[in-house]
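> Here you go, one structure.
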Amino acid sequence: MTNREHAELRRALGAYALGALEPSERSEVEDHLEACQPCRDELASLAALPGLLARLSEEEASQGLLEVPEGHADRLIAAVGEDRRTERRRVTIWRSVAAVAAAVVLALGIVLIEPFDGPSGVMYAAQGSGVSATAMVVPRGWGMEVRLNVGELPEARGYTVWAIGDDGHRAYVASWADVDRAGIELVGSCYMDASEVAHLEISDEEDRVVAVLDA
Amino acid sequence: MPRERVDPDEVRALHDDYAGPLFTFALRSVGDRGAAEEIVQDTLLRAWRNADRYDPARGSLDTWIFAICRNLVIDHHRRRGARPRVVATIDEVGHPSAVHDELDRALESWQVARGLRSLSDDHRRVIVETYYRGASVAEASERLGVPEGTVKSRMYYALRNLRLALEEIGAVG
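These protein sequence lines map, in sequence, to chains A and B. Read left to right, the first sequence gives residues 3 to 217 (my numbering). Read left to right, the second sequence gives residues -5 to 167 (my numbering).
And the structure:
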């Protein structure tokens, strides 16, 4: 056995391990393996690979399908950060609710809220049997932002929030589907000027009013 | 304890440890990259958010995170009114060892995919042609337009490099 032959047969070990050799060549390799300990060791070191390759389908192997899409980690970091801000906002709204409760005791109609680190706004709320919802209306240059916190509402397929103006005009704010879960928070927007809002209404999919939120 | 500040490195570390295997599992279960991506994102976000609820006495962190992912996969199928594809049956879910096997399979698959990805295109292609598509050296030589000797030597070096890559990842001893 010359060195050249040995080197050539050594390089055939990959094809041998993956079963891609023709029968004649295969027996040539096998004859060599019997006589060559280093090649036997080399083959042994490759032996686990076919079994591992079998974990993937052809598409997964050829198209890199299992690769996690790029930017996924950054999106997660952003989402976690967003999560933190939402929590802080929730705390802010809670503080606002407390402020409203205190103000009601003082018999004020509409209270301007100055939360610690949130936007200023007017809190509207609906209370009754099976109904609990609050909305903070925050004036914006383009109209108003409405931060809703829905506890409980009569069952319906979907809900829509409307802003009702002093002149009776009705403007759309937000809508969502009934989901089997309490404590929905969402933010809607509306062109109406915050100072013109008389109250907010939540209606169901048939446009029946299910809740009235007063300041 | 809710975290007061988010350390991006901590989130990235969580992502690096789990995103690959979870994505493998989710993609195989739902068959849609976009949906699988959302499921993984949601899984890790929930894991992060609820880290204080993880109880080491009740199982490993791996199992806990994987259980979150599995439930999201099941939710996904429910929403679509379809039966899960790869997800274990309810019966199996109760057995931690079955969950662990599933997780191990996903982890191992993902490691192999990572190893393959680390190869040069030439090396990966020769493995795809011969191993996955069943071509002989002669057929691969024809399909790839290179001499048979080149196919053989690429296969040999491809496997050697793959072994090294998998050793580095810790997939093989």
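Quick reminder that beta carbons are idealized off the backbone N, C-alpha and C, glycines included.
Using a Cβ-Cβ cut-off of 8 Å, state whether V70(A) counts as contacting chain B.
Within the first sequence, residue 70(A) is the residue found at index 68, counting from 1. Yes, because at least one Cβ of chain B sits closer than 8 Å to the Cβ of V70(A).
> Applying a beta-carbon distance threshold of less than 7 Å, which residues of chain B neighbour S47(A)?
The residue labelled residue 47(A) in the question sits at position 45 within the first sequence. The answer, in chain order, is R157.
> Between which two residues does the alpha helix (DSSP H) containing E41(A) stretch?
Walking along the first sequence from the start, residue 41(A) turns up at place 39. The sequence shown places Cys at residue 41(A), rather than the Glu named in the question. Its alpha helix (DSSP H) spans residues 39 to 48.
> Quick check: what's the CA-CA separation for A107(B) versus W144(A)?
Against the second sequence, residue 107(B) aligns to sequence position 113. Against the first sequence, residue 144(A) aligns to sequence position 142. The straight-line gap from Cα to Cα measures roughly 51 Å.
> Does the region 133 to 151 of chain B come into contact with the region 6 to 22 of chain A, if we say contact requires no fewer than three beta-carbon pairs (one atom in each stretch) closer than 8 Å?
A contact exists between the region 133 to 151 of chain B and the region 6 to 22 of chain A.
> Could you tell me whether any Cβ in chain A is nearer than 8 Å to the Cβ of E136(B)?
In the second sequence, residue 136(B) corresponds to position 142, counting from 1. When Cβ-Cβ separations below 8 Å define contact, E136(B) makes no contact with chain A.
> If you check the beta carbons only, do S64(A) and V131(B) fall under 8 Å apart?
Taking the first sequence and counting its residues from 1, the one referred to as residue 64(A) is at position 62. Taking the second sequence and counting its residues from 1, the one referred to as residue 131(B) is at position 137. No; because the gap between Cβ atoms is not below 8 Å, this pair is not in contact.
> Which same chain residues end up closer than 7 Å to A176(A) when comparing Cβ atoms and leaving out the 5 residues on each side of it in sequence?
Taking the first sequence and counting its residues from 1, the one referred to as residue 176(A) is at position 174. Counting only Cβ-Cβ distances below 7 Å, and skipping sequence neighbours, we find V148, L150, V163, L188, G190.
> So which of H9(B), L66(B), D10(B) has the shortest CA-CA distance to A20(B)?
The count along the second sequence starts at 1 and reaches residue 20(B) at position 26. Per the Cα distances, L66(B).
> Quick one, which residues of the region 32 to 64 of chain B are near chain A if we go by CB-CB under 8 Å, in chain order?
V34, Q35, L38, L39, W42, R43
> Please determine if the region 7 to 26 of chain B and the region 58 to 73 of chain A are in contact, where contact requires at least 3 C-beta pairs separated by less than 8 Å.
Segment contact: the region 7 to 26 of chain B against the region 58 to 73 of chain A, three or more CB-CB distances shorter than 8 Å; contact assigned.
> Tell me which same chain residues have a C-beta within less than 8 Å of the C-beta of S197(A), skipping the five on either side of it?
Numbered from its first residue, the first sequence carries residue 197(A) at position 195. So the list reads P141, once near-sequence residues are dropped.
> Whole-angstrom Cβ separation of V152(A) and M146(A), contact assumed at under 8 Å?
In the first sequence, the residue the question calls residue 152(A) occupies position 150. In the first sequence, the residue the question calls residue 146(A) occupies position 144. V152(A) to M146(A), Cβ: 18 Å. No contact.
> Can you find a CB in chain A that lies within less than 8 Å of the CB of V5(B)?
The sequence position of residue 5(B) within the second sequence is 11, counting from 1. Yes, because at least one Cβ of chain A sits closer than 8 Å to the Cβ of V5(B).
> Starting from R159(A), trace the alpha helix (DSSP H) both ways and give me its first and last residue.
Taking the first sequence and counting its residues from 1, one reaches residue 159(A) at position 157. Neither: R159(A) is in no alpha helix (DSSP H) and is coded neither H nor E.
> So which residues of chain B does E24(A) contact, with C-beta pairs closer than 9 Å?
Translated into positions along the first sequence, residue 24(A) becomes position 22. Result: S130, V131, A132.
> Which whole-angstrom value is the C-beta distance of D216(A) and Y161(A), which I expect to be below 8 Å?
Translated into the one-based positions of the first sequence, residue 216(A) becomes position 214. Translated into the one-based positions of the first sequence, residue 161(A) becomes position 159. 18 Å between Cβ atoms; not a contact.
> My understanding is that V145(B) touches L156(B), with C-beta atoms under 8 Å, so please give their C-beta distance in whole angstroms.
Translated into the one-based positions of the second sequence, residue 145(B) becomes position 151. Translated into the one-based positions of the second sequence, residue 156(B) becomes position 162. Not confirmed; about 16 Å, so no contact.
> Give every residue of the same chain whose Cβ lies closer than 8 Å to the Cβ of G132(A), excluding the five residues on either side of it in the sequence, and list them in chain order.
Looking up residue 132(A) in the first sequence gives position 130. Closer than 8 Å at Cβ, skipping near neighbours: E154, L155, P156.
> List the residues of chain B whose Cβ lies closer than 8 Å to the Cβ of E60(A), in chain order.
For the purposes of this step, residue 60(A) is taken as the residue at position 58 of the first sequence. Result: V122, Y126, R127.
> For H70(B), report the span of its alpha helix (DSSP H) as first-last.
Taking the second sequence and counting its residues from 1, the one referred to as residue 70(B) is at position 76. Where H70(B) is concerned, the enclosing alpha helix (DSSP H) stretches over 55 to 73.
> Using a Cβ-Cβ cut-off of 8 Å, state whether E96(B) counts as contacting chain A.
Your numbering for residue 96(B) matches position 102 in the second sequence. Not an interface residue.
> Among C41(A), D76(A), A200(A), A37(A), whose alpha-carbon lies nearest the alpha-carbon of E31(B)?
What you label residue 31(B) is simply residue 37 of the second sequence in a count that begins at 1. Out of C41(A), D76(A), A200(A), A37(A), D76(A) has the C-alpha closest to the C-alpha of E31(B).
> Please work out which residues of its chain come closer than 7 Å, Cβ to Cβ, to L113(B), disregarding the five sequence neighbours upstream and downstream, and give them in chain order.
For the purposes of this step, residue 113(B) is identified with residue 119 of the second sequence, where counting begins at 1. Excluding residues within five positions, the ones whose Cβ falls inside 7 Å are A152, N155, L156.
> Taking only beta-carbon positions, decide if L67(A) is within less than 8 Å of chain B.
Within the first sequence, numbered from 1, the residue matching residue 67(A) stands at position 65. For L67(A), the answer is yes, since a Cβ of chain B falls inside 8 Å of its Cβ.
> What does a CB cutoff of less than 7 Å around V106(A) pick up in its chain, not counting 5 residues either side in sequence?
In the first sequence, the residue the question calls residue 106(A) occupies position 104. Its pLDDT being 46, under 50, V106(A) is placed unreliably by the model, and nothing is read from it.
> When we look at the beta-carbon of Y125(B) and count the other beta-carbons within 10 Å, is it buried (16 or more) or exposed?
In the second sequence, the residue the question calls residue 125(B) occupies position 131. Counting other Cβ atoms within 10 Å of its Cβ, Y125(B) reaches 16 or more and is therefore classed as buried.
> Hey, which unbroken runs of the beta strand (DSSP E) at 3 residues or more fall wholly within the region 123 to 173 of chain A?
123 to 130, 133 to 142, 145 to 154, 160 to 167
> Can you tell me where the alpha helix (DSSP H) holding E133(B) begins and where it ends?
Position 139 of the second sequence holds residue 133(B). 131 to 138 is the span of the alpha helix (DSSP H), which, as asked, contains E133(B).
> If A41(B) sits next to I59(B), beta carbons under 8 Å apart, how far is it from one beta carbon to the other, in whole angstroms?
Taking the first residue of the second sequence as position 1, residue 41(B) is located at position 47. Taking the first residue of the second sequence as position 1, residue 59(B) is located at position 65. At roughly 5 Å, the Cβ-Cβ gap stays under 8 Å, so A41(B) and I59(B) are in contact.
> Leaving out the 5 sequence neighbours to the left and right, which residues in its chain are closer than 6 Å to V5(B) when beta-carbon positions are compared?
For this step, residue 5(B) is matched to residue 11 along the second sequence. Counting only Cβ-Cβ distances below 6 Å, and skipping sequence neighbours, we find nothing.
> Which residues bound the beta strand (DSSP E) around L215(A)?
Residue mapping note: residue 215(A) aligns to position 213 of the first sequence, counting from 1. Run containing L215(A): 211 to 215, per the beta strand (DSSP E) assignment.
> Nearest-angstrom Cα distance between H70(B) and A9(A)?
For the purposes of this step, residue 70(B) is taken as residue 76 along the second sequence, with counting starting at 1. For the purposes of this step, residue 9(A) is taken as residue 7 along the first sequence, with counting starting at 1. Approximately 54 Å, taken between the alpha carbons.
> In whole angstroms, give me the CA-to-CA distance for T57(B) and E102(B).
Along the second sequence, one-based indexing puts residue 57(B) at 63. Along the second sequence, one-based indexing puts residue 102(B) at 108. Rounded to whole angstroms, T57(B) to E102(B) spans 15 Å at the Cα level.
> Are there 16 or more other CB atoms within 10 angstroms of the CB of R72(B), so buried, or fewer, so exposed?
For the purposes of this step, residue 72(B) is taken as residue 78 along the second sequence, with counting starting at 1. The residue in question, R72(B), is exposed, as its Cβ has fewer than 16 Cβ neighbours within 10 Å.
> So which of V211(A), L58(A), T136(A), P25(A) has the shortest CA-CA distance to R127(B)?
To locate residue 127(B), count along the second sequence from 1; it is residue 133. Out of V211(A), L58(A), T136(A), P25(A), L58(A) has the C-alpha closest to the C-alpha of R127(B).
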